[in-house]
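Below is one structure, written out as C-alpha cells; the observations come after it.
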DNA sequence: AAAGAAAAAATTGTATACAATTATACAAAT
DNA sequence: ATTTGTATAATTGTATACAATTTTTTCTTT
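Residue numbers (my numbering), protein chains in the order written: chain H, 18 to 242; chain X, 18 to 242.
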C-alpha cells in the first residue's frame with residue numbers, strides 16, 4: 018500500500034491551522050479566501066473545504082456577514098480544556114490499564130525511559146515528543162475511539178495558548194507523574210492509573226498557568242468588536 | 018436583525034444528518050455526490066461543504082479511494098458516549114450550580130414542573146423536549162463553551178442509536194433525577210449537582226441499553242468489509 | 001457640512017466544466 | 001476457468017465563471 022495521495026484541502030487545512038496555532042495569524046484577524054488561495058497557491062475550491070474544517074473545529078469563526086475571523090482564546094477556555102483533558106485522559110488511562118498486554122507495558126516502559134533521559138539531558142524537543150508518545154500509546158490501547166477523537170480536537174486549541182511555554186525548561190515532576198501512571202497500568206489498577214493521569218494533567222495545567230502569569234496578558238485576542 | 022439567510026450547505030448538512038440519524042441511510046452504505054445533489058436538488062459545491070462537515074463529525078467516513086460511507090455505530094461506542102456525557106454534563110451541572118441566579122432557578126423550576134406534567138399525562142414528545150430544555154439551560158448558564166460544543170457533537174451520535182427508544186414510555190425515574198439535580202443547584206451545592214447529573218446520565222444509559230437488549234442486534238451496521 | 005441614496009467595488013455563495021483517479025467490463029493469454 | 005491487461009465508464013478533485021450579498025465610495029439633497 019503506497020502512501021495515499023495528499024489532497025490539497027488536507028495540506029491547506031494543516032498549513033492554515035499551523036499558522037493559527039503558532040500565531041502567524043492573529044486572533045480576531047479576518048481572513049479572506051482570495052488572500053489565502055494566493056498565499057497557498059491553490060484555487061478557492063479545495064481551500065474552502067479546508068476553511069470548512071477549521072470552522073467546525075472553531076479555529077475560524079464565521080461572522081454573520083459570511084467573513085471568517087481567527088478565533089480568540091481566553092485563559093478560562095484553556096483551563097476548561099485541561100479540565101476536559103483530565104477527564105478524558107483519565108478514562109483512557111483506566112481503560113488502558115485494563116487492556117494493556119505485557120508487550121504494551123514493555124513499549125511504555127521504553128518510552129518512559131527515553132522521556133527520563135531526555136529530561137536528564139535537557140533535550141526539550143525530545144522530552145515533549147516522548148511525552149506525547151506516551152499519551153498517544155495509551156489512547157491507542159484504550160480503545161476509546163470517541164474520547165481520542167475529542168481529545169485531538171481540543172488539544173490543538175490548548176497548544177495555541179501554550180506552545181511557547183513548552184520550549185523553556187523545568188517540567189518539574191513530569192517524569193515521576195508518568196512513572197506513576199505506568200505503575201498503575203503495570204498493576205492493572207485502573208482506578209489508580211486514572212487518578213494519576215488526572216493529577217498529571219492538572220499539574221501540567223498549573224505549569225502552563227504559572228508560565229503565563231510570568232509572561233503576557235491573560236488573554237490572546239480581543240472579544241470586543 | 019432579520020433572520021440571516023439559510024445557506025444551502027447548512028440545510029444540506031441538516032437534511033443528510035437527519036437521514037443518517039433516523040436510518041434513512043443505512044450504516045456502511047456508500048453515498049455518492051451526484052446521487053445526493055440530485056436528491057437534494059443542489060449543486061455539488063455546497064453539497065461537498067456539507068459532506069465535509071459530516072466527515073469531521075464522523076457521521077460519514079472517507080474511504081481510501083475517496084468514496085464516502087455512512088458510519089456504523091456499536092453498542093460499545095454508545096456506552097462510551099454516555100460515559101463522556103456523564104463527565105461533561107457533570108461539570109456543567111457543577112458550574113451551573115455556581116453560576117445560577119435566582120431567575121435561573123425560577124426558570125429551571127418551571128421546566129421541571131412541565132416535565133413532571135408531561136410525564137404524568139404520558140406526553141412522550143413533550144417529555145423528551147422538556148428534558149432537553151433542562152439540560153440545554155444548564156449548559157447555557159454553565160459558561161463551559163467547549164464542553165457544550167463537544168456535547169452537541171456526540172449527542173447526535175447517541176441519538177442515532179436510541180432515537181427509537183425515546184418514543185415508547187416508562188422513563189422510570191427521570192423526573193426525580195432532574196429534581197435532584199435542581200436541588201443541588203438551588204443549594205449552590207456543586208458537588209451534589211455534579212453527582213446527581215452523573216447518576217442521571219448513567220441511569221439513562223441503562224434505560225437505553227435495556228430497550229436495546231429487548232429489541233434487535235447489539236450493533237447497527239457491519240464493521241467487516 | 002451631514003445624511004442619505006445610489007453606484008461601484010469587493011467578497012462570499014453557487015453552478016458548471018474539466019482533470020485526475022478509481023472502478024468496471026471485456027477480451028486475450030495461460 | 002482464472003488471471004491479466006486494456007479500454008471504458010463512473011466518481012471524485014480542482015479550477016473557473018457567474019450570481020448574490022456585503023462593503024465602500026461617490027454623489028445628491030438638505
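Glycine residues also receive a C-beta, built at the ideal position from the N, C-alpha and C atoms.
- Put simply, the stretch 65–79 of chain H does not touch the stretch 135–147 of chain H. Fewer than three CB pairs are less than 8 Å apart.
- In terms of Cα proximity to residue 229 (chain H), the closest of H:210, H:177, H:83, H:192 is H:177.
- With contacts defined as CB atoms closer than 8 Å, residue 125 (chain H) and residue 151 (chain H) qualify as a contacting pair.
- Below the 8 Å Cβ cutoff, chain H contributes 66 as neighbours of residue 65 (chain X), in chain order.
- Separation of the CB atoms of residue 32 (chain X) and residue 71 (chain X) is rounded to 11 Å, and the pair is thereby denied contact status at 8 Å.
- DSSP assignment within the stretch 69–112 of chain X yields the following whole beta strand (DSSP E) runs of 3 residues or more, N-terminal first: 77–79, 85–87.
- In this structure, residue 188 (chain X) sits away from residue 153 (chain X), with a CB-CB distance that is not shorter than 8 Å.
- Fully enclosed alpha helix (DSSP H) runs of no fewer than 4 residues occupy 119–138 of the stretch 112–141 of chain X, in order along the chain.
- Nearest Cα to residue 215 (chain X) within the set X:203, X:198, X:206: X:198.
- Residue 210 (chain H) is positioned such that its CB atom lies no closer than 8 Å to that of residue 88 (chain H).
- According to DSSP, residue 48 (chain X) shares a beta bridge with X:85.
- Inter-segment contact for the stretch 155–173 of chain H and the stretch 100–108 of chain H is present: three or more beta-carbon pairs are separated by less than 8 Å.
- Taken in chain order, the members of the stretch 158–181 of chain H whose beta-carbon sits within less than 9 Å of a beta-carbon on chain X are 160, 161, 162, 163, 164, 166, 167, 170, 171, 174.
- In the DSSP assignment, residue 176 (chain X) falls within the unbroken alpha helix (DSSP H) covering 162–179.
- H:191 is the residue among H:191, H:112, H:172 whose C-alpha sits nearest the C-alpha of residue 221 (chain H).
- Secondary structure of residue 60 (chain H) (DSSP, three-state): coil.
- For the 8 Å CB-CB criterion, residue 174 (chain H) and residue 226 (chain H) do not form a contact.
- Look at residue 214 (chain H): its C-beta is not under 8 Å from any C-beta on chain X.
- Residue 86 (chain X) and residue 99 (chain H) have their C-alpha atoms spaced approximately 33 Å apart.
- Annotation for residue 217 (chain H): 194 place their beta carbon closer than 6 Å to its own, counting only its chain and skipping 5 residues before and after.
- For the stretch 100–134 of chain H, the beta-carbon criterion of a distance under 8 Å to any beta-carbon of chain X is satisfied by 100, 101, 104, 105, 108.
- By the rule that beta-carbons nearer than 8 Å mark a contact, residue 69 (chain H) touches chain X.
- Residue-level contact by beta carbon fails for residue 218 (chain H) and chain X, as no gap is shorter than 8 Å.
- With respect to chain X, the C-beta atom of residue 38 (chain H) has no partner C-beta closer than 8 Å.
- In this model, residue 50 (chain X) and residue 162 (chain H) are separated by some 27 Å (Cα to Cα).
- Per the coordinates, the alpha-carbon of residue 170 (chain X) lies some 7 Å from the alpha-carbon of residue 74 (chain X).
- Interface with chain H (8 Å Cβ-Cβ cutoff): residue 98 (chain X) is included.
- Boundaries for residue 40 (chain X): no alpha helix (DSSP H) harbours it, and the DSSP string shows neither H nor E there.
- Residue 67 (chain X) places its beta carbon less than 8 Å from that of residue 29 (chain X).
- For residue 197 (chain H), the uninterrupted alpha helix (DSSP H) segment begins and ends at 191–203.
- Linking residue 203 (chain X) to residue 119 (chain X) through their CA atoms gives a straight-line distance of about 8 Å.
- For residue 56 (chain X), the closest Cβ of chain H is not nearer than 8 Å.
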